[in-house]
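Enquirer: First the structure, then my questions, so here it is.
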Amino acid sequence: MDFPDCCSLCGQPSTRRVKVSSTREIGGESIFVKIMLGFFRVPFFSAIAGRGFGQRQAVTIHLPQCKSCSRTEGKISPKYIDFGRGTMTFVVHEIFAKRVRDSLRRTK
Ligand SMILES: [Zn+2]
Numbered sequence: 002m003d004f005p006d007c008c009s010l011c012g013q014p015s016t017r018r019v020k021v022s023s024t025r026e027i028g029g030e031s032i033f034v035k036i037m038l039g040f041f042r043v044p045f046f047s048a049i050a051g052r053g054f055g056q057r058q059a060v061t062i063h064l065p066q067c068k069s070c071s072r073t074e075g076k077i078s079p080k081y082i083d084f085g086r087g088t089m090t091f092v093v094h095e096i097f098a099k100r101v102r103d104s105l106r107r108t109k
């Protein structure tokens, strides 16, 4: 899936993508891409992008992050990783969360 062209941290327009990935050793699983949204006090965004590679599972997504956030915030890292469900949860900007929700609604 593709994300909106706006920074996931500050909500400013940005086409820049950063790779966020985690791996673990497991049995092969089918390829799936799924997305979930949930809200706590700050917008949370979970992306599921699991890929079965025999004994190795890689969960990789490309999140938009503008240059200035890269400088100030550094690498984006997930808040939580749930390999059982193949999910990574990120705290993202409200504007980004809204645009993801909107684009999911359009593709339905
Ligand atoms: Zn930014």
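Under my numbering, the letters of the sequence shown match residues 2 to 109, in that order.
In this text, a Cβ means the ideal position worked out from N, Cα and C, and glycines have one as well.
Quantities reported herein were computed from a predicted structural model and do not represent experimental measurements.
Could you check what DSSP says for residue 23 in three-state terms: helix, strand or coil?
Expert: Position 22 of the sequence shown, counting from 1, holds the residue named residue 23. Strand, per DSSP.
Enquirer: Determine the direct distance from the alpha carbon of residue 21 to that of residue 1, and round the result to whole angstroms.
Expert: This structure cannot settle anything about residue 1, because the visible part of the chain is limited to 2 through 109.
Enquirer: Determine the extent of the alpha helix (DSSP H) in which residue 16 is found, giving its start and end residues.
Expert: Within the sequence shown, numbered from 1, the residue matching residue 16 stands at position 15. It is not in any alpha helix (DSSP H) - residue 16 carries neither H nor E in the DSSP assignment.
Enquirer: Does the Cβ of residue 12 lie closer than 8 Å to at least one heavy atom of ligand 1?
Expert: As a position in the sequence shown, residue 12 is number 11, starting the count at 1. Yes; taking the cut-off as 8 Å, the Cβ of residue 12 has a heavy atom of ligand 1 nearer than that.
Enquirer: Relative to the alpha-carbon of residue 80, which residue among 3, 101, 68, 89 has its alpha-carbon at the smallest distance?
Expert: Looking up residue 80 in the sequence shown gives position 79. Looking at the Cα atoms, 89 is the closest of the given residues.
Enquirer: Could you give the first and the last residue of the continuous alpha helix (DSSP H) run that contains residue 72?
Expert: Counted from its first residue, the sequence shown places residue 72 at position 71. Element bounds for residue 72: 68-74.
Enquirer: With DSSP as the reference, label residue 103 as helix, strand or coil.
Expert: Against the sequence shown, residue 103 aligns to sequence position 102. In this structure, residue 103 counts as helix in the three-state DSSP scheme.
Enquirer: Compute the Euclidean distance between the alpha carbons of residue 8 and residue 95, then round it to the nearest angstrom.
Expert: Within the sequence shown, residue 8 is the residue found at index 7, counting from 1. Within the sequence shown, residue 95 is the residue found at index 94, counting from 1. Cα to Cα, residue 8 sits roughly 11 Å from residue 95.
Enquirer: Among residues of its own chain, excluding the 5 on either side of residue 12, which ones have a beta-carbon nearer than 8 Å to its beta-carbon?
Expert: Walking along the sequence shown from the start, residue 12 turns up at place 11. Taken in chain order, the residues that qualify are 94, 95, 96, 97.
Enquirer: Is any non-hydrogen atom of ligand 1 found closer than 8 Å to the C-beta of residue 78, if you look at the structure I gave you?
Expert: The residue you call residue 78 lines up with position 77 of the sequence shown. False, no ligand heavy atom lies under 8 Å from that Cβ.
Enquirer: Confirm, please, whether the CB-CB distance from residue 63 to residue 19 is below 9 Å.
Expert: Within the sequence shown, the letter at position 18 stands for residue 19. Within the sequence shown, the letter at position 62 stands for residue 63. If you check the CB distance, residue 19 and residue 63 come in under 9 Å.
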